[in-house]
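J.: I have a structure here, written as structure tokens, and I will follow up with some questions on it.
Protein chains: 2
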Amino acid sequence: MHNHHSLKKEIMRRITAGEWAPGAVMPSETKLAEEYGCARTTINRALQTLAEDGLIERKRRAGTRVRELPVRQAKFNIPLVRREIEQTGAVYRPHVTLRKRLPAPNHIAARLHLPPDSEVLHLHTVHLSDGRPLAFEDRWINIEAAPGILDAPFKEISANEWLLRQTPYSSGSVSFSAENANEAHASALGVAKGAALFTIDRTTWLGERYITWVKIFYRPGYSLKSGL
Amino acid sequence: MHNHHSLKKEIMRRITAGEWAPGAVMPSETKLAEEYGCARTTINRALQTLAEDGLIERKRRAGTRVRELPVRQAKFNIPLVRREIEQTGAVYRPHVTLRKRLPAPNHIAARLHLPPDSEVLHLHTVHLSDGRPLAFEDRWINIEAAPGILDAPFKEISANEWLLRQTPYSSGSVSFSAENANEAHASALGVAKGAALFTIDRTTWLGERYITWVKIFYRPGYSLKSGL
DNA sequence: CAGTGGTCTAGACCACCAG
DNA sequence: TGGTGGTCTAGACCACTGA
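Just so you know, the sequences run in chain order C and V. According to the numbering used here, the residues represented by the first sequence are 123 to 350, in order. According to the numbering used here, the residues represented by the second sequence are 123 to 350, in order.
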């Protein structure tokens, strides 16, 4: 019982058992280390992960407190559509229905922080699972940030995956939402107009340079799961 | 430059700069420690957080590798509706439109792992932001797991918050989805039937005991944001 | 079986900040 | 200003597993 994983569990048990009231100060690292007969470093490690998990709050000098209302967090793996599909045992195929090089419309230039009329690549892709559409993707790519994209075939790998391979370690922002299918979505996905589609909206950049903005519309019934 | 935060950044820089190809083995902890002139422990800490972030993959004996396709993760704070609303400066009020104690229907008993016909509390709540509906909540509560719930007023705090205060340190599972508004949703939220609603579906338990299952339907236009 | 990462320890110094 | 958490160090042992 002297490794930080089991100590974490043990301390979590004491918290959930109500040993320290929400908002109350817990014993200091030094005291817990004495109590468990281990090094302070080990306690420190356990408490740090508990703090990351949102169960406790720590401040120098003020000590460690049990959070009044623990922060509820969920970690999601932002899905790579190909993987999602192949994990079900189905065959993945991307089907590009639009591929157009054009000067960026204003709303796209703004999103990608580009000067007006920079060239972008606009793509529509339907992601097929055993030939059946799972998701429709509307993507805008900053050509300057990914020049090779113009020659990519997208027969087996999608634009997303192509970009991921080119600039694997970019950062981004994500948001989830719901939208009614318009004509285009409906025909791409083979569903009725107005159907509720789960959407993932994502902007990606590397350093100062914006790479792509994409919105993915999932077939009705899709859900994204996570642990809490 | 000898603390694990800056070391993490520095190593991340080298990864994103392409110093080690995706899939390639990175130098061992010992070598990096020599190179940076610090203790192996410090390098270890930095690499462990990089592994948590999904940028690298580590195996004993096999060493540390740069991930081919980094895992894209997003951490979301599962919103407490009251906080969401109050953060916008609006006044929060929950409005309970249904509150019924009954034997659990089969699909609820199954979800909450209850013996058939256990008593549950069924609640419908509309979450109001300055009097305007933001979300509709359909909740089932295992009465045995939260007996005091029967007397709770829910005038100012919602059932969710009440439960959170009673059993703050429970765990759970979450999933996100989209649904078309049915009659009930539509009238509760004051939107057209068929509107696309973003939904959060959550099951909560403490140890072996299931506490509640809830589904929240957000007004059209709502989106849940996160960093990547 | 040898080298990797995982972890613990004891001691140390420091930054912070409530009393 | 003293006690808290944050971190580093050097050394140690262990678990795992690929060559």
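Positions of the beta carbon are idealized from the N, C-alpha and C atoms, including for glycine. This structure is a prediction, so every number in the text was calculated from the model and none was measured.
1) Quick test of the definition: if touching needs 3 or more C-beta pairs under 8 angstroms, does the segment 310 to 323 of chain C touch the segment 271 to 279 of chain C?
2) Hey, would you say ARG331 of chain C sits closer than 7 angstroms to ALA267 of chain C, going by beta carbons?
3) How would you list, in chain order, the residues of chain V whose beta-carbon sits under 8 angstroms from the beta-carbon of VAL193 of chain C?
4) Please check if any C-beta of chain C sits within less than 7 angstroms of the C-beta of LEU311 of chain V.
5) My guess is that THR325 of chain V and ARG233 of chain V are in contact by the Cβ rule of under 8 angstroms, so how many angstroms apart are they, rounded?
6) Alpha carbon to alpha carbon, what distance is there between THR138 of chain C and PRO149 of chain C?
7) CB-CB under 7 angstroms to SER299 of chain C, same chain, minus the five flanking residues each way: which ones, in chain order?
8) Along the segment 292 to 323 of chain V, what residues have a CB closer than 9 angstroms to any CB found in chain C?
9) To test your reading of the DSSP string, which unbroken beta strand (DSSP E) runs of 3 or more residues are found completely within the segment 182 to 209 of chain V?
10) If we cut at 7 angstroms on Cβ distances, does LYS131 of chain C have a partner in chain V?
11) Which residues, in chain order, does the segment 219 to 243 of chain V contribute to contact with chain C at a C-beta distance below 8 angstroms?
12) Using only the alpha-carbon positions, how far apart do ALA212 of chain C and LEU250 of chain C sit?
13) Rank C:ARG221, C:ALA257, C:ASN264 and C:LYS277 by C-alpha distance to the C-alpha of SER345 of chain C and give the top, closest one.
14) Compare the beta carbon distance of GLY176 of chain V and PRO192 of chain V with 7 angstroms and say whether it is the shorter of the two.
15) Need the endpoints of the alpha helix (DSSP H) that THR171 of chain V sits in, please.
16) Within 7 angstroms of any Cβ in chain C, is that where the Cβ of LEU272 of chain V sits?
17) Within a Cβ cutoff of 6 angstroms, which residues of the same chain sit near ILE165 of chain C, ignoring the five residues on either side of it in sequence?
18) Got a sec, what are the start and stop residues for the beta strand (DSSP E) ILE263 of chain V sits in?
19) Could I get the ranges of all uninterrupted beta strand (DSSP E) runs contained in the segment 307 to 341 of chain C, with 3 residues as the minimum, in chain order?
20) With a threshold of 7 angstroms between beta carbons, is SER345 of chain C in contact with chain V?
T.: In short:
1) no
2) Within the first sequence, the letter at position 209 stands for residue 331 of chain C. Within the first sequence, the letter at position 145 stands for residue 267 of chain C. In this structure, ALA267 of chain C lies closer than 7 angstroms to ARG331 of chain C by Cβ.
3) Your numbering for residue 193 of chain C matches position 71 in the first sequence. Correct list: ASN199.
4) Counting from one through the second sequence, the residue named residue 311 of chain V turns up at place 189. No - not a single Cβ of chain C is within 7 angstroms of the one on LEU311 of chain V.
5) Position 203 of the second sequence, counting from 1, holds the residue named residue 325 of chain V. Position 111 of the second sequence, counting from 1, holds the residue named residue 233 of chain V. Rounded, the Cβ-Cβ distance is 6 angstroms, consistent with contact.
6) Reading the first sequence from its first residue, position 27 is the one you call residue 149 of chain C. Reading the first sequence from its first residue, position 16 is the one you call residue 138 of chain C. Rounded to the nearest angstrom, the two C-alpha atoms are 16 angstroms apart.
7) Counting from one through the first sequence, the residue named residue 299 of chain C turns up at place 177. Answer for SER299 of chain C: THR321 and ASP323, listed in chain order.
8) SER292, SER293, GLY294, SER295, VAL296, SER297, PHE298, SER299, ALA300, GLU301, ASN302, ALA303, GLY316, ALA317, ALA318, LEU319, PHE320, THR321 and ASP323
9) 185 to 188 and 195 to 199
10) Position 9 of the first sequence, counting from 1, holds the residue named residue 131 of chain C. No, LYS131 of chain C lies away from the interface with chain V (no Cβ there is under 7 angstroms from its Cβ).
11) none
12) Here residue 212 of chain C is taken as the residue at index 90 of the first sequence, counted from 1. Here residue 250 of chain C is taken as the residue at index 128 of the first sequence, counted from 1. ALA212 of chain C and LEU250 of chain C: Cα-Cα distance of roughly 9 angstroms.
13) The residue labelled residue 345 of chain C in the question sits at position 223 within the first sequence. Among C:ARG221, C:ALA257, C:ASN264 and C:LYS277, the Cα nearest to that of SER345 of chain C is on C:ALA257.
14) Mapped onto the second sequence, residue 176 of chain V falls at position 54. Mapped onto the second sequence, residue 192 of chain V falls at position 70. Their beta carbons are under 7 angstroms apart, which means GLY176 of chain V touches PRO192 of chain V by this criterion.
15) For the purposes of this step, residue 171 of chain V is taken as the residue at position 49 of the second sequence. Its alpha helix (DSSP H) spans residues 162 to 174.
16) Here residue 272 of chain V refers to the residue found at position 150 when the second sequence is read from its first residue. Cβ-Cβ to chain C under 7 angstroms: no for LEU272 of chain V.
17) As a position in the first sequence, residue 165 of chain C is number 43, starting the count at 1. Within the same chain, ILE165 of chain C has close Cβ partners GLU151, LEU154 and ALA155.
18) As a first step, residue 263 of chain V must be located in the second sequence, where it is residue number 141. Start and end: 254 to 264.
19) 318 to 328 and 331 to 340
20) Position 223 of the first sequence, counted from the first residue, corresponds to residue 345 of chain C. For SER345 of chain C, the answer is yes, since a Cβ of chain V falls inside 7 angstroms of its Cβ.
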